[in-house]
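Residue numbers (this note's numbering): 2 to 154.
Here is the structure we will look at, set down as structure tokens.
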Amino acid sequence: MKRALAFALVVAQILLLAGLLVLPHGTLWPVNGFVIATSIALVAIGVTLAVQGSTSLGPAMTASPIPRDNAPLATTGVYGVVRNPIYTGLMTAGLGLTVIGSSALHVVVWLALIGLFSGKARWEERMLVTEHPDYSEYAARVGRFLPGVGRIR
């Protein structure tokens, strides 16, 4: 059951991100040079952050929210700034796609993506507390998605 839920969450995030890519463009706001540049910057920042988070995990890397057995806890580098840099990066890239998409549907899908990552992160953190006794102290000083925001007390 746990693995099936993990798989479903990964599939859902892929579908939501793909949706942001393929949804028809709207007219919620004008798409001008500034909007295009902002979108490109957000996607570039998001992808960079997600890649840094992925490569920093080393043997602990998995798309599933279920932590790998005996994998080390990453707390330095980008993980010293936010606990979930991959999710933060994907949400940032999703925002960039939403900005260029300029539709209410893009906004709804992006908000659904944020909700999905929020729930997925909370579930993952409950498992990390069990797997790594020092996770609680780490989570008390490092924000979940943004520096200093979403620390666990």
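Even for Gly, the Cβ is constructed at its ideal location relative to N, Cα and C.
What you are looking at is a predicted structure, and each value in this text was computed from that prediction instead of being measured.
Here the alpha carbons of Gly34 and Arg154 stand approximately 43 Å from one another. In the three-state scheme derived from DSSP, where H, G and I count as helix and E and B as strand, Val83 is classed as strand. By the 16-neighbour rule on beta-carbons within 10 angstroms, Thr63 is exposed. Residue environment: Thr28 is assigned as exposed (fewer than 16 neighbouring CB atoms within 10 Å of its CB, all protein chains considered). The secondary-structure analysis by DSSP pairs Gly90 with nothing; it has no beta-bridge partner. For Val108 and Thr99, the gap between their C-alpha atoms comes out near 6 Å.
The three-state secondary structure of Leu17, taken from DSSP, is helix. Approximately 7 Å separates the beta-carbon atoms of Ala140 and Glu126; this is inside 8 Å, confirming the contact.
Around Gln53, the same chain offers Gly78, Val79, Pro86 and Gly90 as residues with beta carbons nearer than 8 Å, after the five sequence neighbours per side are excluded. Rounded to whole angstroms, the separation of the alpha carbons of Ile115 and Lys3 is 21 Å. Our two residues, Ile15 and Ile101, have alpha carbons roughly 19 Å apart in a direct line. For Leu106, the closest C-alpha among the options Leu24, Ala19 and Ala42 is that of Leu24.
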